[in-house]
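J.:
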Amino acid sequence: MGGWFTGACRSCALASILFFALPATGEERLVLPGVARADGAFGSRFVSTVWLHNPSDTPLEVDLELLAATGRAGTTRLVLEPRQTRRLDDPVDSLFGLSSAAGCLLARADRPFLLRGVTANIADPRGTYGLALPSLREAEALWPGETGIAPWLTHTAAAGTDFRTNVAVALLEPGSEVLVTIVDDTGLVRGERRLEAKAPLFWQQGVGELASDPEIELGRVEVRVLSGSAVAYAAVVDNVTGDGLLALARRTDMPSAPPFALLLPGAARAPGANGTLWRTGLRLVNPGPAPVEVTLEAHGGGGRVSRSVPPRGAFEEPDLLGALGVPDGSAGAVRVTSPERLAVLGATRNVDPSGRPGTFAASQEPTAEDALAGPGRVLVFTGLSADSGTSGFRTNVAFVSGAAGARGGLRLRASAGATLADAVFDSGPSSWTQRSLSDWFGGAVVPRGATLEVTVEAGTLDAYASVIDNGTGDPAILPPAFLPVTPCPPAGPTPLLTSSSSRVEAGSPVVLSLQAPGRGAGRVVPGDVPLGPGGELSVFPAVTTTYRWIPSSTCPEDRSAPVTVEVVAPAGAVLTEGGAVSGIASGGSTSYRGVPFGAPPTGPLRWRPPAPPAPWIGVRRAATFGSPCAQLDEDGNVTGSEECLTLNVWAPAVPPASPLPVLFFIHGGGNAAGASSYAYYDGTVLAEKGRAVVVTANYRLSSFGWLAQPFLSAESRRGVSGNYGTYDQLAALRWVKRNIAAFGGDPARVAIFGESAGGVNVCTLVASPLAAGLFERALIQSGGCAQRPLAEFVAFGNTLTGKAGCAQAADPAACLRARPFEDLLRAVPPVVSVTSSSGQLWGPAVDGFVLSASPEVVLGKGEHNRVPFAIGANADETGSAAPPITTEAEYRALVTAQVGALAPLVLARYPVSAYASPRKAYVAVTSDSRFICPSRRFARAAAKGGSPVFRYFFSYPASRLYGAVHGIEIPFVFGSFDAFAGYAPSAAERALSESMNAAWARFAAGGDPNGEGLPHWPAYDPVRDRTLVWDLPSGPVDGVRTDVCDFWDSLVASL
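For the sequence shown, the positions run 88 to 1142 when our numbering is used.
#1: Hey, residue 1112 and residue 1127: beta-carbon distance below 8 Å or not?
#2: Per DSSP, which one or two residues make a beta bridge with residue 191?
#3: Does residue 895 come out as helix, strand or coil in the three-state DSSP assignment?
#4: Can you name the start and end residues of the alpha helix (DSSP H) that residue 524 belongs to?
#5: Determine the extent of the alpha helix (DSSP H) in which residue 828 is found, giving its start and end residues.
#6: Compute the distance between the beta-carbons of residue 593 and residue 667, then report whether it is under 8 Å.
#7: Kindly examine the ligand GDP and report whether one of its heavy atoms sits closer than 7 Å to the Cβ of residue 776.
#8: Mind checking residue 114: buried by the 16 CB within 10 Å criterion, or exposed?
#9: State the start and end residues of the unbroken beta strand (DSSP E) segment that holds residue 352.
#10: Per DSSP, residue 718 is paired with what?
#11: Can a CB atom of chain D be found closer than 8 Å to the CB of residue 736?
#12: Just the Cα atoms here: how many angstroms apart are residue 854 and residue 986?
#13: Between the beta-carbon of residue 615 and the beta-carbon of residue 1063, is there less than 8 Å?
#14: Near residue 1057, which residues of its chain fall below 8 Å by C-beta distance, leaving aside the five closest residues on each side in sequence?
#15: Within 10 angstroms of its Cβ, does residue 1053 collect 16 or more other Cβ (buried), or is it exposed?
#16: Which residue or residues does DSSP assign as beta-bridge partners of residue 221?
#17: Compare the C-alpha of residue 993 against each of 1103, 982 and 141 and name the closest.
#18: When you compare each of 915, 893 and 596 to residue 905 by their alpha carbons, which one comes out closest?
#19: Alpha carbon to alpha carbon, how far is residue 260 from residue 149? Give it in angstroms, no decimals.
#20: Between 448, 415 and 310, which has its C-alpha nearest residue 368's C-alpha?
#21: What are the boundary residues of the alpha helix (DSSP H) that includes residue 914?
#22: Closer than 8 Å is the cut-off here; do at least three beta carbon pairs connect the stretch 788-797 with the stretch 927-937?
#23: Which residue comes first and which comes last in the alpha helix (DSSP H) that contains residue 407?
#24: Can you grab the Cα-Cα spacing for the pair residue 188 / residue 175, in whole Å?
#25: Pull up the distance between the alpha-carbon of residue 358 and that of residue 552, whole angstroms please.
#26: Count the other CB atoms within 10 Å of the CB of residue 373; is the residue buried (16 or more) or exposed (fewer)?
#27: Kindly identify the DSSP beta-bridge partner or partners of residue 55.
#28: Quick one: Cα of residue 125 to Cα of residue 133, how far?
#29: Should residue 157 go down as buried or exposed, given a rule of 16 or more other Cβ atoms within 10 Å for buried?
#30: For the putative contact between residue 749 and residue 823, defined by C-beta atoms under 8 Å, what is the C-beta separation to the nearest angstrom?
#31: Rounded to whole angstroms, what is the Cα-Cα separation between residue 391 and residue 821?
#32: Three or more C-beta pairs under 8 Å: does that hold for the stretch 281-293 against the stretch 187-203?
#33: If you check the beta carbons only, do residue 678 and residue 665 fall under 8 Å apart?
#34: Start and end of the beta strand (DSSP E) containing residue 1105?
#35: Straight-line CA distance for residue 251 to residue 450?
#36: Between the stretch 507-523 and the stretch 486-499, can you find at least three pairs of beta-carbon atoms closer than 8 Å?
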């Protein structure tokens, strides 16, 4: 049958295609990514089966080695007779004698052979639930600088429903280092793990161990190799049936040229044998910074639809054929075309028609349409069965032909190698045909363990085999392997790509040369640069990069071995993940300014999680600060830009003998103003005096950082929006964890601290599960821990959408993203107030994702990131911000406006007669109610929740006119008095500053701010209210404004 098949699809289970080519001569090394003999969650039991096939006419010795979590777990040698297929049941036990283990199987022989496996849950007495494990050639592993994407991740922590995902990585060489990243559908990083191995080993963990909030409906795994080599995959397991679905972590370097056309060889919307019901879903991952329009169309004609995959995001079409308008009872292939390369994976799932929970599925990798098997290719499937009834396994085989059709011959062999039957096939243009294995040979009897050889004589072909458990209906999808026959490849040595140097300084060129006698044209990746035989190509790698030559032919054997060029930093520079940077030396430290940690969040990236910055070539001179994030200054003028996601590092000029603690500062400004580049945040003195590495970072402000709207929430499976500024802070902290060691910092000793709105953001990070593991201490200067629910932010955001003229737009999100940032700033001019609420909601929202509840509540329940926690406020916080009132009537009016019906109580507690002026009374009311007493309340909440807590009170009246006002402690912490023109600190003030920056640095170093020569800072005792007072002199006291704070605590529920 040709084209689309519509009908009962008697034994329909569909599959994917993978091309694993074998060299014509020389040693063959194959990797089977995962084998197991182990118990799993919810009563599952996973055991692997492996098949080896000798395609030659002479005996073959194959060496097998198991790479387990503990390293090399054993070796053995097997002999395969000519044309033999050998089945190895439970090889972890039968070959290596291990009662329980999981790992990677390495196989080696002196000439080509075939290897495949299945790992199945065998706990159900009705049969198995398995996933197919294709083998990879060693050269197909990920090498340094390469990132593989496993595009299918679904995870829930709940038992008995939905799916869980395990991530596995085999580090294949001594010294291998890999970064594993969990990314959700919006591009937000949800978890990360850096793996290092002195010797080869196998590693596996569940997403619940990698992501602190593991509820991910749609996501992906990214695996980046930093050194050595690795293979990786995600196994998505049904929590009911224990059935697994495999997603290999692949490079996205195919197809060869745009428009990039992929062929998903099998898709179904049909019932099958033994009560099965098949549905195919498709997931598309866009790793790029711009949205990609994708065309989905039935192969051979029929339905056609377009879908948009967001930047750095993912899209799922759960019923692929339904989306194409194909009727029930149909099956076929689907063409996926896009202007950019995507990571794509299909999955055909058997859903029980009776409503029984759980699913059985098999993943399907697409094939590049320009890489279908052509004339002379022999596709091989091994270990096939054709059992009938409700036990054993049956096999379906499907062919998908290219535009010119395909024809050729079929041969069926017994496991011992004898020929059982021959047949021919002739497929029309762009057709899809599926039959049972027996039917392809006219109903011939098929013994267990059979091998199918498919020889293409004309046209181009894709194929797959689906081996289905008759008891459970679960399929295992087998991609073909290939026999090395002429004319693919032509006679001659394997192509050789070489580099002029294997190690260069950043900015230096490398010349790649290609030796490929008798071969045609090809391209070098990354970059897709054309390179033909005998040609040379100059490249300038920004970071360590692996180059590959991919031929224009459809012969995978023509590919050259990869070439890795290690990039190192020149003298005086530091190498980061984006490239090398040089700084400005001053005294005992060097500053690195304006280092990107995120791509500019403009255009389609506005109101999305930050994307990684583009790497740069050569050494980036980090001599000037990056732009502040877009904002209005005090005069209402637009300043800064959206291209602002940069950070700054102050590090010792001479590399330290041991890594230093890291102080990561988040600036204030009401989450609507401010920048990391302000002179009073200069980290020079703090880095030198505190013996620490200091980092300050920008984050998006006002609407760009905090807008929440339903149409933005609809862009995420989480159904929430806002908190983009928090996402920026998370990205900057991840940058620190990945890169700060190169600057002399210790990524295991990071303290976050922030002032005012920066303190609010610190408390948000302490309370957010998304920030778990990104810092080890937290300190809040004059900031709060009480945040409002998302609904209030949405209501406030409606104002901006309306004033921007987008409320009635057909696509409000597109309308707002098209508006110039200046217009959005002026639509709702941000207002920053210290004395009272501005009524504007710029800041973190309680959205059920970033924050499950207000941080104060989270702290009190002990559900926060339990790190050492310090918090404090200043004695006269609102001293410089209070309005210039002179009468009691003005005072009473302001208090009433602030606290409403509680005004009589407040006015009685703060009578004007007790203060030098009505203004002084108002400063006391607002400083106590908004800063000093909340800091005590938050300290008590953190102590109740189990964190070591330290509280301070800064009372030194550095402002001669207004006292210890909001932010006045900043130059004392940073030692940045030079930022204040005309201010000459006294020796006593400098000594106070040195004590403070030493205490901050000691807190970062070990979670305890005490040290020799410093005033004693006692751990916080809620009963005694033990607090360190920073003043001249400094020292601990029992209680700070205890009576008034008790008063304000009694009113909290009413405020």
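Glycine included, each C-beta is placed from N, C-alpha and C at the ideal position.
T.: Let me spell this out:
#1: yes
#2: 154
#3: coil
#4: 524-527
#5: Premise fails: residue 828 is in no alpha helix (DSSP H) and is neither H nor E.
#6: yes
#7: Within the structure as shown, the ligand GDP is missing, as the structure has no ligands at all.
#8: exposed
#9: 347-358
#10: 726
#11: The structure shown contains no chain D; it is built from a single protein chain.
#12: 27 Å
#13: no
#14: 767, 768, 842, 868 and 1063
#15: buried
#16: 203
#17: 982
#18: 893
#19: 20 Å
#20: 448
#21: 908-914
#22: yes
#23: 407-410
#24: 16 Å
#25: 18 Å
#26: buried
#27: In the structure as shown, the chain starts at 88 and stops at 1142, and residue 55 therefore has no counterpart that could be examined.
#28: 5 Å
#29: exposed
#30: 6 Å
#31: 41 Å
#32: yes
#33: no
#34: Residue 1105 -> no beta strand (DSSP E), and no H or E assigned at all.
#35: 15 Å
#36: yes
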